[in-house]
Amino acid sequence: MANSFSYFLVIFLLFFFPLHNLAQSNGIVATTSSISATDGTTPWLSPSGDFAFGFQDIQEKNKFLLCIWYAKIQEKTILWHANISDLVPQGSILNLDPQRGLILSDPQGTTLWRTDLVGGNIDHGFMNDTGNFVVMGSDSTDPLWESFRNPTDTLLPEQILERGGFLVSQRSQANFTQGRFYLRMLDNGNLVLVTQSVPTNSDYDDEYYNSQTSDTTNATNSGDKLVFEENGVMYVLKRNNQRVILTPQSVPSASQNYHRVTLNFDGVLTHYYHSRSSNSSGWNILWSQPDNICMKIDGDKGPGACGYNNICDRGTNNRSVCKCPQGYSLVDRNDAYGDCKPDFSISCDEVGRGSPEDLYSFITIRDTDWPKSDFQQISPSTEQDCQSACLHDCLCAVAIYRSNSCWKKKLPLSNGRKDVSLNAKAFMKIRKDGVPRPPSPGIPNGGSHQSKKWRNLAIMASSLLGSSVLVNVLLIGVFCWGFFHIYKRRVNAARPTSHVTGSVCHSFTYKELVEATKEFTEELGRGAFGIVYKGVLSGGSRNVVAIKKLDRVAHEAEKDFMTEVNVISQTHHKNLVRLIGYCNEGPHRLLVYEYMSNGTLASYIYGDPKPNWSHRTKIAIGIARGLVYLHEECIMQIIHCDIKPQNILLDDYHVARISDFGLSKLLMINQSRTNTNIRGTRGYVAPEWFRNSPVTVKVDVYSFGVLLLEIITCRRCLKDDENYGPEAILTDWVLDCYQEGKLEALVESDIEALNDKKQLERFVMVGIWCIQEDPSKRPTMRKVCQMLEGAVEVTIPPCPYNLSITI
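Numbering of the sequence shown is given in the working numbering, commencing with residue 7 and proceeding in unit increments.
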């Protein structure tokens, strides 16, 4: 009887206990599985239950973060999160698609994030006990995608940071968007901490930590990767297999403790450990770098450890504490580490309106300095002379007095720090009356120029009214007529044109574009920003358009989106695809372009048969002319950042038209189709993207050079097939053929090209000039255009590779 009851109980539990909970115990996630962003949703757990992958409710009501976290400890500690610009709304869904991998969609079905996979045949997902979520293919033992290869701000044991890899801090303690601190494993072998300009995504020159694991004289002695071992030891592994240990000699047991290394939002890289027992006291610090970030960040560019006008003070555990000086307040109240603004005016417009002594006074802050904001030094000087010099200088916001010398500084103040070693006094200039900010420039206290005009007209009218009934009637009629026409003109100016061929960039509603595309059914192509659909606007078949549905634009970048739309809409060149309109409605951001009937250059030059030589040369020159316009002639300089055959379209007459220009600022970090933080596509990316170097228009020159060689040879820049041998990398093969005098191999069986060897050689030489590793050696696009057209002589190009530099 007892055995029968036990058997019945087991059957009962199996029937009523959710099967998906049982399936989670082994960490395997089947294809078509999904989880939703709702309170109480069950995450995907690792076999041990140590790690969870799913949605976390982050402070803001009904807002969730797709992330991986420790499932067994009380503190909400996030180890990885989907690299999107904002939290996702309640009801968003993560699905493991059998062809495209992980796809995160909002409740309306718009893709917010996805794993960037090439090819399908996905077998399953797996949440490892290491904290690594992997997507496995049915015909491969290696993951198609894994969170360890796409880290955010944290490394876990058994994780490796390869050369070119990086961690990026989050914006603030509660804001998971991209911050301004980076840990990079450089190509030269150094592990560095750097700050970055977030709007431009370019590193500032100053490194505030450097592992010194590069060897310029012997590459084998240089660092190769950052390794975080299972036992909690972290080191830089050199190419000769030597180790440079970063952790202390004694490391708490990994079997009894969780370990993680996190680049905190304040820029300090910290190794934490946490007991696995349930009664633990929280996270402890094993080591951190740098020891005093306030003093270590000392570059000439950027605001420093804290924001502009802010002061960095060293707190506990080598962490910084930022605080605005008296008379200043945070620009963003939710970001204590951000910029501070003065709560009063310091303006040269007030010169002559009163004595400085009546307007300003000083507060004194000890052991404080902003060392990068000097504009004048006075030496020798006394404290009184220092204050007086700043008081009577309308540009001076603060004066620093130290060692009988005075330094006057102007806004914005950068690299603010407080430290006893400074031995200085800061005299901060503030308004005596705590006066609020003056009216905006150009607007007198009495109101705007326009309002003054109307007031003067009203005064004139009142002086005339009453002279006679006839005059009154005439005046009232004139005012009504004028008011009606002014109102009509303003309304017409504000109303966007609805005709596709008009010159005004039209603002479409999302509903209009859904109808135009028949609910986005006909896909034309897809790229780094989203998917392009064919659409027909109201008016018939003549109004065929291409509608790009952007799914990777930073959510908070609405202002940037409209700025870029405004710039793009004012570009007019026959070799650019024209922007007709846009949609900026809630989460929906779409661009409406001219429809290019002959598709992409990629499908044209890679197809069979080859396009004829004369037509290919015209296409190359057309693209060059379009880039000259973007770099030098349009209203604002535009760096394309992703020149490739897929972004060159052909119109009805096969004229080359550049697309996707002006969009690089909208692309989120780590969302390009490459393995590093660069913008662009593998094979077309300039070497400076991989280094701590500024990015200029020369990155487009490099990409155009690769594209030009593709147009010449009608083959792709990279071939993965082993049968190609030395021809696998197009640029190397072209260089070999040029140096060996075998240009005919590049255009084999192309009779027209073989009969025009002079132009063939010129185009090849131009291509080699464009792909020079040193950006300064590359010509401008204007000179490239002139060389292609034969207007400028093409000299013999040097070898493009600098052998002394490790790429």
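Glycine included, every Cβ here is placed at the ideal spot set by N, Cα and C. Nothing here was measured: the structure is a model prediction, and the numbers come from that model.
As computed with DSSP, Ala552 is found in a beta bridge with Lys540, Tyr599. Here Phe696 carries a helix assignment [DSSP, helix/strand/coil].
Tyr588 has its alpha-carbon roughly 45 Å from the corresponding atom of Gly195. By the beta-carbon neighbour count (other beta carbons within 10 angstroms, threshold 16), Arg339 is exposed.
According to DSSP, Glu152 shares a beta bridge with Val140.
Ranking Arg622, Gly310, Ser259 by CA distance to the CA of Tyr214 puts Gly310 first.
The Cβ atoms of Arg266 and Thr83 lie closer than 9 Å to each other. Contact between the region 403-417 and the region 367-386 is present, with at least three C-beta pairs closer than 8 Å. DSSP places Asp738 outside any beta strand (DSSP E); the residue lies instead in the alpha helix (DSSP H), whose first and last residues are 736-745.
Pairwise C-beta distances place the region 736-745 out of contact with the region 600-612, as fewer than three of them are shorter than 8 Å. Contact annotation: Cys318 and Lys424 have beta-carbon atoms nearer than 9 Å. With fewer than 16 other Cβ atoms from the protein chains shown falling within 10 Å of its own Cβ, Cys805 counts as exposed. In the DSSP annotation of this structure, the continuous segment of the alpha helix (DSSP H) that includes Lys302 starts and ends at 299-302. With respect to the C-alpha of Arg169, the residue from Gln184, Ser175, Pro377, Met191 having the closest C-alpha is Met191.
In the same chain as Ala260, and ignoring 5 residues on each side of it, the C-beta atoms closer than 8 Å to its own belong to Pro163, Glu236, Asn237, Gly238, in chain order. Proximity of the region 174-187 to the region 100-108 falls short of the contact definition, fewer than three beta-carbon pairs being nearer than 8 Å. Burial is judged here by how many other beta carbons sit within 10 angstroms of a residue's own beta carbon; Arg622 has at least 16 and is buried. DSSP places Gln383 inside the beta strand (DSSP E), whose first and last residues are 380-384.
By the C-beta density criterion, Met568 is exposed, having fewer than 16 other C-beta atoms within 10 angstroms. For the pair Gln643 and Gly115, the Cα-to-Cα distance works out to about 35 Å. Within the DSSP bridge table, the entry for Tyr215 names Leu199 as partners.
Membership of Gln765 in the alpha helix (DSSP H) is indicated by the continuous run 763-776. Taking all protein chains in view, the Cβ of Ile757 is surrounded by fewer than 16 other Cβ atoms within 10 Å, so the residue is classified as exposed. Across the set Gly531, Ile406, Leu401, Thr276, the C-alpha of Gly531 shows the shortest separation from the C-alpha of Ser609.
A direct Cα-Cα distance of roughly 7 Å separates Leu397 from Glu363. In summary, Cys354 is exposed, with fewer than 16 beta-carbon neighbours lying within 10 Å of its beta-carbon over all protein chains present. In this structure, Tyr188 is the residue among Ala405, Lys231, Gln165, Tyr188 with its C-alpha nearest to the C-alpha of Phe172.
As a beta-bridge residue in DSSP terms, Phe234 pairs with Gln165, Met240. Look at Thr226 here: in three-state DSSP terms it is helix. Taking C-beta atoms as the reference points, Tyr279 and Leu292 count as a pair closer than 9 Å. Closest by C-alpha distance to Asp212, out of Trp775, Asp135, Leu715, Ser699, is Ser699. Of the residues assessed, Tyr659 falls on the exposed side of the cut-off, its CB having fewer than 16 other CB atoms within 10 angstroms. When DSSP states are grouped into helix, strand and coil, Ile79 belongs to the coil group. Going by beta carbons, Leu636 and Ile627 fall outside the 9 Å limit.
Assignment of beta-bridge partners to Thr276 by DSSP yields Thr268, Ser294.
Burial of Gly773 is indicated by the presence of at least 16 other C-beta atoms within 10 angstroms of its C-beta.
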